[in-house]
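Chemist: My questions will all concern the structure given below.
Here it is, written out as structure tokens:
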């Protein structure tokens, strides 16, 4: 273990590595968001505006921003240099489980207990798509690192992959969005006339009935209990998922179909989160059995188990470039 950062809250619900600084964001059950230097093990700052647990948090890749989502049904975008929330996105009708910035477009994806996935344009501060189809809590939603895809995992025992090509085509030209920040004003807002406040009106990509320019591409079925997590492989057409059935499954996406490739067995309780490593051919998972396990993604066998009898593991984060 490199370092342990101690919080007074008994539960960390969300984590995000900064892509360049030695920082990690931790969102807590007590409603606070903490910014840590993980090399020094020191608390740098904390942000407190949510009312209730904050389950999702994510740094922007290039801008001095992070996004959070909480049990107060609110998504907040923060400027950590200004040390404040710059606006709030409203629209979800239940707890928000995860939030993530897109690598290229000015988008945020969010997953909620209201059984929807929403995509937001953080520059126009509007909801541009409501993805409906799950019939239980949506525990996780993530953008593909390079393709126009979103993956979501739900307690309805399914994983869904959504094609967002139509949404991208309908959004303003990529040239005006590139790098996710060309419209940013000096205060971290949208330029003149837009200073904080709440957003969340439905844009052209969605209407009140959930019609959207993002369509279901695959529905993956095979888990026997609710699915807590699903994430894409950084370069290969693979998805990994973790479930309350204690299993990790690997899925392959092909032309027009997707299928289950293998199942990893070894956890003794619900699997909370699972990722492919960005640097090595590994899968990392955590579970309510109080372990973090590392798996060989090619041989599909467990190669290491981190166990701490006095700790429970709720969430994982994988560094975008380093082996952390």
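Residue numbers (UniProt numbering): 1 to 324. Glycine included, C-beta positions come from ideal geometry on N, C-alpha and C.
1. Cα separation between residue 14 and residue 77?
2. So what does residue 118 bridge to, in DSSP terms?
3. Do residue 230 and residue 285 have their C-beta atoms within less than 8 Å of each other?
4. With H, G and I counted as helix, E and B as strand and the rest as coil, what does DSSP make of residue 242?
5. Are the Cβ atoms of residue 282 and residue 251 separated by less than 8 Å?
6. If I'm right that residue 74 touches residue 162 with Cβ under 8 Å, what's the distance once you round it to whole angstroms?
7. Compute the distance between the beta-carbons of residue 38 and residue 64, then report whether it is under 8 Å.
8. Hey, out of 289, 109, 160, 213, whose CA is closest to residue 166's CA?
9. Select from 102, 95, 274, 100 the residue whose C-alpha is nearest the C-alpha of residue 263.
10. Using a threshold of 8 Å, state whether the C-beta atoms of residue 132 and residue 116 are closer than that.
11. So what does DSSP say about residue 90, is it helix, strand or coil?
12. Using a 10 Å radius around the Cβ and a threshold of 16 neighbouring Cβ atoms, would you call residue 147 buried or exposed?
13. Starting from residue 260, trace the beta strand (DSSP E) both ways and give me its first and last residue.
14. Can you tell me which of 238, 215, 130, 138 puts its alpha carbon nearest to the alpha carbon of residue 145?
15. Tell me which same chain residues have a C-beta within less than 7 Å of the C-beta of residue 92, skipping the five on either side of it?
16. Tell me the DSSP secondary structure of residue 165 in three-state form.
17. Beta strand (DSSP E) containing residue 155: first to last residue?
18. For residue 269, is the classification buried or exposed, using 16 other Cβ atoms within 10 angstroms of its Cβ as the cut-off for buried?
19. Which one or two residues does DSSP pair with residue 304 in a beta bridge?
20. Would you say residue 364 and residue 254 are within 8 Å of each other, going by their C-beta atoms?
21. If we count the other Cβ atoms within 10 Å of its Cβ and call it buried at 16 or more, is residue 102 buried or exposed?
22. Assign residue 45 to buried or exposed, taking buried as 16 or more other Cβ atoms, counted over all protein chains shown, within 10 Å of its Cβ.
23. Just the Cα atoms here: how many angstroms apart are residue 134 and residue 224?
24. Evaluate residue 308 with the Cβ neighbour count: other Cβ atoms within 10 Å of its Cβ, from every protein chain shown; 16 or more gives buried, anything less gives exposed.
25. Is it true that the CB of residue 27 sits closer than 8 Å to the CB of residue 55?
26. Nearest CA to the CA of residue 228: which residue from 235, 240, 265?
27. Figure out for me which residue from 169, 276, 258 has the closest Cα to the Cα of residue 248.
28. Buried or exposed for residue 40, going by 16 or more other Cβ atoms inside 10 Å?
29. Within 8 Å (strictly less), CB to CB, does residue 150 reach chain C?
30. Helix, strand or coil for residue 65, going by three-state DSSP, please let me know.
31. Name the residue from 86, 85, 70, 83 whose alpha carbon lies nearest to the alpha carbon of residue 95.
Modeler: Result, derived from the coordinates:
1. Computed Cα separation, rounded: 15 Å.
2. DSSP, once it has assigned bridges, lists 110, 130 as partnering residue 118.
3. Contact: no.
4. In this structure, DSSP gives residue 242 an extended state, which the three-state scheme calls strand.
5. Result no, Cβ atoms of residue 282 and residue 251 do not sit closer than 8 Å.
6. Contact doesn't hold; Cβ gap of about 23 Å is too wide.
7. Not in contact: residue 38 and residue 64 (Cβ atoms no closer than 8 Å).
8. The alpha carbon of residue 166 has as its nearest neighbour, out of 289, 109, 160, 213, the alpha carbon of 213.
9. Nearest of 102, 95, 274, 100 to residue 263, Cα basis: 274.
10. Yes; because the gap between Cβ atoms is below 8 Å, this pair is in contact.
11. Three-state DSSP puts residue 90 in coil, outside helix and strand.
12. Looking at its Cβ environment, which holds fewer than 16 other Cβ atoms inside 10 Å, residue 147 is exposed.
13. 258-264 is the span of the beta strand (DSSP E), which, as asked, contains residue 260.
14. Taking only the C-alpha atoms, the option nearest residue 145 is 238.
15. Excluding sequence neighbours, residue 92 sits near 73, 110, 112, 114, 118.
16. Secondary structure of residue 165 (DSSP, three-state): helix.
17. Where residue 155 is concerned, there is no enclosing beta strand (DSSP E), given that its DSSP letter is neither H nor E.
18. Here residue 269 is exposed. Its C-beta has fewer than 16 other C-beta atoms within 10 Å.
19. Answer is 294.
20. Because residue 364 is not part of the residues shown, which for the chain are 1 to 324, the question remains open.
21. Result: buried.
22. Exposed, by the Cβ-count rule.
23. Their Cα atoms are separated by approximately 16 Å.
24. Result: exposed.
25. The answer is yes: Cβ separation under 8 Å.
26. The residue from 235, 240, 265 with its alpha-carbon nearest to that of residue 228 is 240.
27. For the set 169, 276, 258, the Cα lying nearest the Cα of residue 248 is the one of 276.
28. Burial state of residue 40 is exposed, judged by a 10 Å Cβ sphere holding fewer than 16 other Cβ atoms.
29. Of the protein chains in the structure, only one exists, and it is not chain C.
30. Residue 65: strand per DSSP, three-state reduction.
31. Nearest C-alpha to residue 95: 70.
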